[in-house]
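Counting from 1 along the sequence shown, just add 71 to a position and that's the residue number in our numbering. Notes for the one structure printed next.
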Amino acid sequence: MSLLEVTIGSMMVAVITVTASSVAVDMTRHIAGSIRQTRVVAEARLAIESLRRDFGGASLDDSQGDRVLGQLVGRRIASADELQLCFDGDGDAHPDWLGPDRVITYSLVDDQLIRTDSTTATSFVVAQHVESVNFEPMAGEIEIQIDFALGDFSDTYLFVTADVP
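Here is the structure:
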């Protein structure tokens, strides 16, 4: 083999290597973006399912089987990023906002949407990567806007439901 053949072969290998690495970098960027989008969508689904469950009209945690107890009887918006729901615990169909009624609180803490149950004194993370949340009462409805952000990807989800009578 001559020096010219070795040089041409080395140049061809270098071109193929540079092309392959640039394709791999582009694919990695797109895959990383897709992973961020998928994580945000998964967090949004968790938040919406938790809200849907609580706005369903009755506390699913109530194991008494009584149709009157555990009904959603009140809601109040303490601030733009804190919502409280009151489930009847004594059968008077009136929100008392303390025992035996069950009060569920949704609030934004750091970048997490937290659901707190006053009866069981438990809190859990409903969704992560939450940039902001806004609870807005409308005419007969409640509009809940949740903004998610992860890396350079952000998205807004809107949950609209009937207001508590």
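Yeah, the Cβ is synthetic: ideal placement off N, Cα and C, and Gly gets one too.
Return the chain-ordered list of same chain residues with a C-beta closer than 7 Å to the C-beta of THR190, the five sequence neighbours on each side being excluded.
ARG173
Tell me PHE224's beta-bridge partners as DSSP assigns them.
LEU221
For ARG186, count neighbouring C-beta atoms within 10 Å of its own C-beta (all shown protein chains included) and say buried if the count is 16 or more, exposed if not.
buried
Measure the CB-CB distance between GLN108 and PHE219 and report whether it falls below 8 Å.
no
By the three-class DSSP mapping on this structure, what secondary structure does ASP97 have?
helix
Taking CYS157 as the reference, which of ALA151, TRP168, ASP163 has the closest Cα?
TRP168
Threshold first: 3 residues or longer. Then list the beta strand (DSSP E) segments lying entirely within the segment 172-203, N to C.
173-180, 183-188, 193-198
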